[in-house]
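Visitor: Once you've had a glance at the structure underneath, I'll fire off some questions.
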Amino acid sequence: MIQRLGQRKVESLLKGFPCVAIIGPRQVGKTSLAKQIRKHYPDSMYLDLELQRDYLKLEDAETYLAQFEGRLIIIDEIQRRKELFPVLRALIDTNRRPGRFLLLGSASPDLIRDCSESLAGRIAYYELSTFLIKEVRPKYKLDDLWFRGGFPYPFLKKGIWFDWMNNFINTYFERDLPNLGFPADSNTGKKLWYMLAHLHGNLIKYSELAKSLELSVNTIKKYIFFLENAFLIRTIQPFHSNLKKRLVKAPKVYIKDSGILHFLLGIETPEQLLGNPKMGASWEGFAIEQLIPLIPVNREIFFYRTHDGAELDMVISKGGKPDIGIEIKFGSDVRLSRGNTLAIETLNTRKNFVLVKNEEEYLLKNGIRVCGLLTFIQKYLPEL
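Position 300 of the sequence shown, counting from 1, maps to 305 under the numbering used here, and the rest follow consecutively.
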């Protein structure tokens with residue numbers, strides 16, 4: 006059993022809020038995390054709404070749940086009964102004791118909206134990511150996590166990666182996403198996801214996607230919004246400042262899990278990955294997904310790019326101002342481009358890093374620090 010970094014955070018939230026929701030894609034480990042937390046609540050009750058017997062127990066949810074007022078109640082697959090949210094609000098308002106409910110759900114725009122409207126001020130959210138380097142090291146290698154991705158089952162079970170990915174994608178688009186309210190048919194959804202995989206690390210070209218799928222731009226934006234809220238992709242917005250620069254306005258897109266990205270690109274072995282033109286973009290996205298769950302919540306993440314060629318892979322802002330500049334590189338050539346240097350000078354970021362795959366560390370001119378991804382996570386990220 007791999008200890009998830011989020012366990013302490015969720016346990017802390019349960020001490021301060023009457024309701025906590027662990028959200029994230031299916032198969033990411035929400036149930037396993039909840040069962041670990043449950044060990045600290047020996048009288049807790051667990052309901053799995055994918056089981057008919059548990060689903061039926063909540064036909065009269067208010068009466069049933071009121072019986073267990075003094076216990077932690079864990080409700081898995083909460084999105085299957087969205088009508089529960091007003092009931093939970095009423096129960097919480099009669100007793101705002103912390104740690105009453107722990108909800109698990111595969112997030113969707115509907116799920117998030119229903120929760121936020123019904124339980125505003127009563128609920129705290131924790132997004133569970135796929136495995137992080139800090140969770141699997143030193144037992145497992147970074148290269149294995151990068152290639153296979155961080156979904157627990159295909160990462161830990163050797164020999165089933167390809168079949169798991171194939172089944173996961175088919176099941177997600179044929180059953181899970183429609184159950185969450187995804188407005189596209191499964192074939193269109195899968196085509197869009199494959200197309201986004203080929204755009205991984207690049208600007209979203211809405212008009213080209215719309216033309217290829219014979220859909221409107223607004224429809225494409227709606228589908229992408231849904232996929233992001235289902236935690237399958239990530240979009241990163243460009244940093245906009247008051248500087249008189251011709252800034253890029255389109256967001257960049259990433260497939261969140263590197264293993265899924267590799268499957269969508271037809272990459273079946275680590276050797277094929279190292280020879281693939283998308284290798285650098287894959288590493289960039291992997292590094293970003295390792296960093297974002299660990300960055301303090303009072304920081305915002307952007308990229309920076311102008312039409313004049315200035316660019317940085319990541320800008321971490323504080324109080325609306327650029328604070329940390331990060332460029333992510335895979336190869337041995339760590340020299341910054343003229344565009345990188347121009348971006349750093351323009352943004353006037355307090356600290357700047359080049360993150361590389363190898364665990365080495367040294368300074369470039371102007372105090373720009375080159376270091377490995379793991380070194381940055383362990384040594385410099387806590388200082389932000």
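Where is the CB? At the ideal position from N, CA and C, for every residue including glycine. Please read all numbers here as calculations on a predicted model, not as lab measurements.
By the 10 Å Cβ neighbour count, where 16 or more other Cβ atoms means buried, how is R94 classified, buried or exposed?
Guide: It counts as buried.
Visitor: Check whether the segment 254-269 touches the segment 202-220, counting contact only when three or more Cβ pairs, one atom from each stretch, lie closer than 8 Å.
Guide: They touch, by the three-pair rule.
Visitor: Please confirm whether L197 and V258 have their CB atoms less than 7 Å apart.
Guide: No, the Cβ-Cβ distance between L197 and V258 is not below 7 Å.
Visitor: Buried or exposed, going by whether 16 or more other CB atoms sit within 10 Å of the CB of T274?
Guide: Classification for T274: exposed.
Visitor: Measuring only the C-alpha atoms, how far is P47 from L19?
Guide: Cα-Cα distance, rounded: 15 Å.
Visitor: R127 and I165 look like a contact to me (Cβ under 8 Å); what is the Cβ gap, rounded to whole Å?
Guide: Wrong, their Cβ atoms sit about 41 Å apart, outside the cutoff.
Visitor: If you draw a straight line from the alpha carbon of F381 to that of D181, how long is it in whole angstroms?
Guide: Those two C-alpha atoms are separated by around 36 Å.
Visitor: Would the segment 212-225 and the segment 288-295 be scored as touching if the rule is three or more Cβ pairs under 8 Å?
Guide: Not touching, per the Cβ criterion.
Visitor: Based on the DSSP output, what are the partners of S322 in its beta bridges?
Guide: According to DSSP, which records beta bridges pairwise, S322 is partnered with E305 and P327.
Visitor: My parser needs the alpha helix (DSSP H) runs of 4 or more residues fully inside the segment 127-208; what are they?
Guide: List check, alpha helix (DSSP H) in window: 138-141, 147-153, 157-161, 166-176, 182-185 and 191-203.
Visitor: From the DSSP output, read off the bridge partner residues of G377.
Guide: According to DSSP, G377 bridges with V361.
Visitor: Going by Cα to Cα distance, which pick from G325, E316 and I373 is closest to T2?
Guide: In this structure the chain extends from 6 to 389, so residue 2 is not present and cannot be described.
Visitor: Quick one: residues in its chain with C-beta nearer than 8 Å to the C-beta of K4, no 5 flanking neighbours on either side, listed in chain order?
Guide: Outside the displayed range of the chain (6 to 389) lies residue 4, so it cannot be described from this structure.
Visitor: Using a 10 Å radius around the Cβ and a threshold of 16 neighbouring Cβ atoms, would you call T68 buried or exposed?
Guide: With fewer than 16 other Cβ atoms within 10 Å, it is exposed.
Visitor: If distances are taken between C-alpha atoms only, which option among G325, S134, L341 and L61 comes closest to I331?
Guide: Closest by alpha carbon: L341.
Visitor: Just curious, the beta strand (DSSP E) that G110 is in, first and last residue?
Guide: Unbroken beta strand (DSSP E) run through G110: F106 to G110.
Visitor: Quick one: give me the first and last residue of the alpha helix (DSSP H) that D421 is part of.
Guide: Only positions 6 to 389 of the chain appear in the structure, and residue 421 is not among them; the question remains open.
Visitor: Can you name the residues that DSSP bridges to L310?
Guide: A small correction: the amino acid at residue 310 is Arg; Leu does not occupy that position in the sequence shown. Answer is E316, bridged to R310.
Visitor: Between I27 and Y131, is the Cβ-Cβ spacing less than 7 Å?
Guide: In contact: I27 and Y131 (Cβ atoms closer than 7 Å).
Visitor: Quick check for students: name the residue ranges of the beta strand (DSSP E) that lie wholly in the segment 29-65, counting only runs of 3 or more.
Guide: Runs found: 50-53.
Visitor: Would K35 and L124 qualify as a contact pair, given that the criterion is a beta-carbon distance under 7 Å?
Guide: Contact flag unset, no.
Visitor: For Y367, which beta-bridge partners are listed by DSSP?
Guide: Paired residues: V375.
Visitor: Nearest CA to the CA of G194: which residue from I209, F167, M170 and T224?
Guide: Cα-wise, what sits closest to G194 is T224.
Visitor: Starting from I265 and walking both ways along the beta strand (DSSP E), at which residues does that stretch end?
Guide: Per DSSP, I265 belongs to no beta strand (DSSP E); it is in the alpha helix (DSSP H), S263 to L269.
Visitor: Just how far apart, CA to CA, sit K254 and H312?
Guide: Straight-line Cα distance between these residues: approximately 10 Å.
Visitor: Pull up the CB-CB distance for V375 and V339, whole angstroms please, since I reckon it's below 8 Å.
Guide: V375 to V339, Cβ: 5 Å. Contact.
Visitor: May I have the straight-line CA-CA distance separating I42 from Q12, to the nearest angstrom?
Guide: Cα to Cα, I42 sits roughly 7 Å from Q12.
Visitor: For F173 versus F136, is the C-beta spacing smaller than 7 Å?
Guide: Cβ atoms of F173 and F136: not closer than 7 Å.
Visitor: Please classify G252: does DSSP put it in a helix, a strand, or coil?
Guide: First, the amino acid is wrong: residue 252 is Leu here, not Gly. If DSSP states are grouped into helix, strand and coil, L252 belongs with the strands.
Visitor: Could you check which residue in F230, I138, D318 and E365 has the C-alpha nearest to that of T346?
Guide: For T346, the nearest C-alpha among the options comes from D318.
Visitor: How many angstroms separate the CA atom of R76 from the CA atom of H245?
Guide: Going by the C-alpha atoms only, they are around 47 Å apart.
Visitor: S263 and G154 - do their beta-carbons sit closer together than 7 Å?
Guide: Against a cut-off of 7 Å, the Cβ pair of S263 and G154 comes out as a contact.
Visitor: Excluding the 5 residues preceding and the 5 following K139 in the sequence, name in chain order all residues of the same chain whose CB lies nearer than 7 Å to its CB.
Guide: Contacts found: L10 and I382.
Visitor: Taking P243 as the reference, give the member of F307, I265 and R31 with the closest Cα.
Guide: The residue with the shortest Cα to Cα distance from P243 is F307.
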